[in-house]
Structure formats: structure tokens, C-alpha cells
Amino acid sequence: MDEESGAGYGTPGGHAASGTAVGRVHSVETMGTLEGPGLRFVVFLQGCPLRCRFCHNPDTWERQAGRVMEVEEVLDELSGYRTFIDASGGGITCTGGEPLVQSEFVAELFDRCRKLNIHTALDTSGYAGLSDSVRRVIAGTDLVLLDIKHTTEDAHRELTGVSFEPIERFARFVDESPALLWIRHVLVPGFTLHLDTLRATAAFLSSLRSVSRVDLLPYHELGRHKWEALGLRYPLVHVAPPNRRDVNKAYNVFLDAGLPVTRP
Ligand code: SF4
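With the numbering used here as the guide, the letters of the sequence shown map in order to residues 30 to 293.
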């Protein structure tokens, strides 16, 4: 794996005897409301190269875990909810983990969804090399939910364990694509809530042309029990969720930068 470029993720996955790609799925949520417009059929995929200190899904990190599913199996399960999805203006969202770890599977799934007129959303950290399969995923994606953790190289490494550079390249690639771009950014006291940090993040986002929504997500401790269940030490044990004053401060920085930020 080329850690600096993010290349090595989005490499070929498995295939079924039928020749279609197979994915490793942690779980599906049939009526999600947080991962894009309308009601979403949310597919949580296994595997993540990041180690975000605030991660609330550490049980998705392992690439080889989860349920093996073919694209058609996912579509079969989704079909039972199609009426609700269509009536609400919803669709399918692939998340994780980092869904681009299984980019061949997501590319094939989204190709099929496009043919079935199902809206496609990708919830990603953006930590992926721009391989052919990653480019295919983006070509088949209507909406990219890009989770920007930090925009300063050293602090990004400290918070997530990986470089920001591949993510910046990915963000600019998506920015040039026809996909809609929504940003999600977690407000973590001691990491992303300094005024200078907020301004740097807002400046980076302002340099992208196609950002149509920014959601600020106050850090919470809901994932802590999962770390402990996995026998892992929770790294933010001394960090409390941000107070209302700090959340408002962040909101105003993004608003002042002219970004389409929603009030958290
Ligand atoms: S990218 Fe998401 S799944 Fe991966 S470590 Fe970060 S928060 Fe967890």
C-alpha cells in the first residue's frame, strides 16, 4: 500500500462465480435518514485505512470481516423498500468503514443502481488513490458526502493516522465531476475547534466550487463502547463533547466564509 497517495485502496476485490463483484458488508440499514436526501438504503462496508480517534464504527475497520454479498443480493434487499425510497426522494448510500476500499464492488453496485434509476450517494473519507475503479465509482455517484477530518497535514495524521494529501486530491477530483458534493466535519475539542483550524478548514472548503452543503457534527462519545468491546483503548477518553458556545463559534466561521453550512 502506498500510504502517501492512498493508492492500494480501491484495489480489485473478489468476484462471484457469476463474474459479478462481491463485497464484504458489515450491515445494512433500510431506512436511513442521515446519509443523503430522503430515505436511504445504507450499506456499511467493511475495511478502513484510517484510525480516526473519534471513530464510532471501529467494528468496520477489518477488511475481511462481515457478510459476503453479491451486487444482486444488495439490490434484492433494497427492492423491498423501493416504494418508500422513491416516494421520499431517497436512494442508496454506501458508507463504512471506507467504502472505496471496496471500490470495484461499489462501482458495479452503482452502475446497476443508475440503470434502475436509484439515486446513489457515497459517504467517504476521500482517502483513496484515483484508480480506475475509484473513478468509476465517482462517475456513477450522484452525491458525494465527503468527511473532511482536518486540513493541516500534521494534525490530520495525529487525528486519523494518515496523510491529508490524497484526500485533497480526491476532493479536487470530485469537485471537477458532475457529482453533488456535501461536506461533513466533526467538531472535536482540542483537535478541530481552534479558531485558526476552523478558518483553515473553511478556506479549504471555499476553494472547492461544487460544495452545496456543509454539516458540522459535534463530537459525541457513542462509539466508545464499541472500542471497549473490541478490547481497544478509547483515545478520546478525556475529551467531552463541545459546548454550545464552541459549536456556534464554528458555525459562524463557516457562515462568514460564505459556505452553505447547516446549523448543528
Ligand atoms: S474514516 Fe470513518 S470508519 Fe474509518 S476510522 Fe475514520 S470515522 Fe472510522
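Every residue gets a Cβ at the ideal spot worked out from N, C-alpha and C, and that includes glycine.
It should be emphasised that the depicted structure is a prediction, and the values quoted were computed from it without experimental measurement.
Item, Value
"Any contact between the segment 142–149 and the segment 179–199? By contact I mean 3 or more CB pairs, one from each, below 8 Å.", "no"
"For residue 173 and residue 136, which I take to be in contact (beta-carbon distance under 8 Å), what is that distance rounded to the nearest angstrom?", "About 14 Å separates the two Cβ atoms, so there is no contact after all."
"Tell me whether the beta-carbon of residue 227 lies closer than 9 Å to the beta-carbon of residue 178.", "no"
"With distance defined between alpha-carbon atoms, name the residue in 275, 109, 86 nearest to residue 222.", "275"
"If we ignore side chains and look at the alpha-carbon of each, how far apart do residue 225 and residue 99 end up?", "46 Å"
"Using DSSP with H/G/I as helix, E/B as strand and the rest coil, what is residue 160?", "coil"
"Counting pairs of beta carbons, one from the segment 120–137 and one from the segment 67–87, are three or more of them closer than 8 Å?", "yes"
"Using a 10 Å radius around the Cβ and a threshold of 16 neighbouring Cβ atoms, would you call residue 175 buried or exposed?", "buried"
"Report the rounded CA-to-CA distance for residue 119 versus residue 272, giving the unit in angstroms.", "32 Å"
"By Cβ distance, which residues of its chain are closer than 6 Å to residue 214, with the 5 residues on each side in sequence left out?", "177, 245"
"With a threshold of 8 Å (Cβ to nearest heavy atom), would residue 142 be considered close to the ligand SF4?", "no"
"Excluding the five sequence neighbours on either side, which residues of its own chain have a C-beta within less than 6 Å of the C-beta of residue 90, listed in chain order?", "77"
"What is the DSSP secondary structure of residue 77, counted as helix, strand or coil?", "coil"
"Going straight from the alpha carbon of residue 134 to that of residue 154, what length do you get?", "17 Å"
"With distances taken Cα to Cα, identify the nearest neighbour of residue 156 among 186, 169, 146, 170.", "186"
"What do you get for residue 93, buried or exposed, if any count of 16 or more other CB atoms within 10 angstroms of its CB means buried?", "exposed"
"For residue 71, which of 151, 248, 252, 80 has the nearest alpha-carbon?", "151"
"I need the DSSP call for residue 173, collapsed to helix, strand or coil.", "strand"
"Throw me the rounded Cβ distance for the residue 54 and residue 43 pair, which I believe falls under 8 Å.", "Rounded, the Cβ-Cβ distance is 12 Å, inconsistent with contact."
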